[in-house]
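With the UniProt record's numbering, the residue at position 214 of the sequence shown is 214, and numbering never jumps.
Backbone N, C-alpha and C fix where the C-beta goes; we use that ideal spot for every residue, glycine too.
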Amino acid sequence: PYEPLPPTVKFYYNGKEMKLSEETEEVATFYARMLDHDYTTKTAFNNNFFHDWREVMTESERAKIIDLFKCNFKEMHAYFVQKSEERKAMTKEEKQKIKEKNEEIQKEYGFCSIDGHKEKIGNFKIEPPGLFRGRGEHPKMGKLKKRVLPEDVLINCSKGSCIPKPPAGHKWKEVRHDSNVTWLASWTENIQGQVKYVMLNPSSKLKGEKDWQKYETARKLAQLIDKIRAEYREDWKSKEMRIRQRAVALYFIDKLALRAGNEKDEDQADTVGCCSLRVEHITLHEQKDGKEY
């Protein structure tokens, strides 16, 4: 649950102090924490944040707060900077207490039993609410990542196991018993509609077997790589444009370790792979390293 700011930490709108409702204040703190970050200088980030922030406001707040640039988050920001400095200045004893507390949480929630073996869970903590950042110039940067509630979460466990209890007053979205998958819990995040999972730690037996299979594939590739390279070089001379293009794509993937790439929607980050490169991404040099081309 959200812990409200001390009453001494004020928010100002158009130069005047304004008391915010708890939900509105919480979302304001997400922005205040990032005041010294480049993101808060970006138009898309500010527009998305302000749109989503206004959606959680009360009607009276929405009527008053109509311009982000008239909002003053400086006292909030200073408060979080101070808290950060206090954490850095902690004594060894204080840090040890926090470490011990985290270890207790890890013992209780950080392990599961699979086929009678105790296995470590990778990400047993669900991401807290905040502002979405995304990669590159993501069109959805600044949007509000909502708090994940038990009602959003699917639990996956065996039929005979002790089903974990949801927090008081809540219930799980669903409890499944699917032994064909390795995830232990899942939920759908609200920004891009992607399903997120609680998975096993990389050190677990099942995860290790999956990784081993990937490395086995890589080892098989190592035995064939010279043949593949010879073939794509030969294909550069093909009379068919399609085959020449495929050969160049293979060369880029081989030499530059690029991902294959795929088409993206307008509301996704404009990141590209080998097969979605555009002319603007490539610069041809007449001279390079003292050689003429």
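Does DSSP put residue i in a helix, a strand or coil?
{"i": "F73", "result": "coil"}
{"i": "V27", "result": "helix"}
{"i": "I282", "result": "coil"}
{"i": "Y13", "result": "strand"}
{"i": "I121", "result": "strand"}
{"i": "residue 294", "result": "In the structure as shown, the chain begins at 1 and stops at 293. Residue 294 is therefore absent and cannot be evaluated."}
{"i": "L277", "result": "coil"}
{"i": "S84", "result": "helix"}
{"i": "E42", "result": "At residue 42 the sequence reads Lys, which differs from the Glu that was named. Correct three-state label for K42: coil."}
{"i": "S113", "result": "strand"}
{"i": "L20", "result": "coil"}
{"i": "L131", "result": "strand"}
{"i": "E292", "result": "strand"}
Going by beta-carbon coordinates alone, are residue i and residue j separated by less than 9 Å?
{"i": "S158", "j": "S179", "result": "yes"}
{"i": "I155", "j": "L131", "result": "no"}
{"i": "K145", "j": "E174", "result": "no"}
{"i": "V248", "j": "W187", "result": "no"}
{"i": "Y12", "j": "I65", "result": "no"}
{"i": "T109", "j": "K125", "result": "Reading the sequence as shown, one finds Tyr at residue 109 and not Thr. In this structure, K125 lies closer than 9 Å to Y109 by Cβ."}
{"i": "W53", "j": "Y31", "result": "yes"}
{"i": "I243", "j": "D235", "result": "yes"}
{"i": "K207", "j": "T182", "result": "yes"}
{"i": "G122", "j": "M199", "result": "yes"}
{"i": "E292", "j": "E286", "result": "yes"}
{"i": "G261", "j": "V272", "result": "yes"}
{"i": "T58", "j": "T8", "result": "no"}
{"i": "K10", "j": "E75", "result": "yes"}
{"i": "I228", "j": "L250", "result": "yes"}
Restricting to Cα atoms, I'd like to know which of the options is closest to residue i.
{"i": "H77", "options": "I126, D115, E26, V175", "result": "E26"}
{"i": "residue 297", "options": "P164, W172, L131, L144", "result": "Examination of residue 297 is not possible in this model, given that the chain is present from 1 through 293 alone."}
{"i": "Q192", "options": "R133, K10, Y12, Y79", "result": "R133"}
{"i": "N47", "options": "N102, G142, L35, K101", "result": "G142"}
{"i": "L258", "options": "Y197, L277, E61", "result": "L277"}
{"i": "E22", "options": "V9, E3, D38", "result": "E3"}
{"i": "V153", "options": "H117, K118, K196, H177", "result": "K196"}
{"i": "residue 350", "options": "R229, A230, P167, N262", "result": "Because residue 350 is not part of the residues shown, which for the chain are 1 to 293, the question remains open."}
{"i": "Q245", "options": "K101, A230, C274", "result": "C274"}
{"i": "P6", "options": "K83, K70, H37, I105", "result": "K83"}
{"i": "H117", "options": "L284, R219, K205, L224", "result": "K205"}
{"i": "N190", "options": "Q223, E231, K220, P129", "result": "P129"}
{"i": "F252", "options": "Q223, I282, T29", "result": "I282"}
{"i": "N72", "options": "V56, Q106, R33", "result": "R33"}
{"i": "L68", "options": "K288, H37, A28, E93", "result": "A28"}
{"i": "H177", "options": "G169, I163, H170", "result": "I163"}
Cβ-heavy atom distance between residue i and the ligand GTP below 8 Å?
{"i": "I253", "result": "As presented, the structure is devoid of all ligands, the ligand GTP included, so that no description of it is given."}
Next item on the list: Please specify which runs of the beta strand (DSSP E), each continuous and at least 3 residues long, are wholly inside the segment 134-195, giving them in chain order.
Entry: 154-156, 174-176, 185-188
Next item on the list: Give a yes or no on contact between the segment 131-139 and the segment 28-48, applying the rule of three or more CB pairs nearer than 8 Å.
Entry: yes
Next item on the list: Could you pull out every unbroken beta strand (DSSP E) segment of at least 3 residues lying fully inside the segment 194-268, listed in chain order?
Entry: 195-198
Notebook entry, point to check: How about the segment 106-126 and the segment 13-20: do they share at least three Cβ pairs that are nearer than 8 Å?
Noted result: no
Next item on the list: Would you be able to state if there are at least three C-beta pairs under 8 Å between the segment 47-62 and the segment 92-100?
Entry: no
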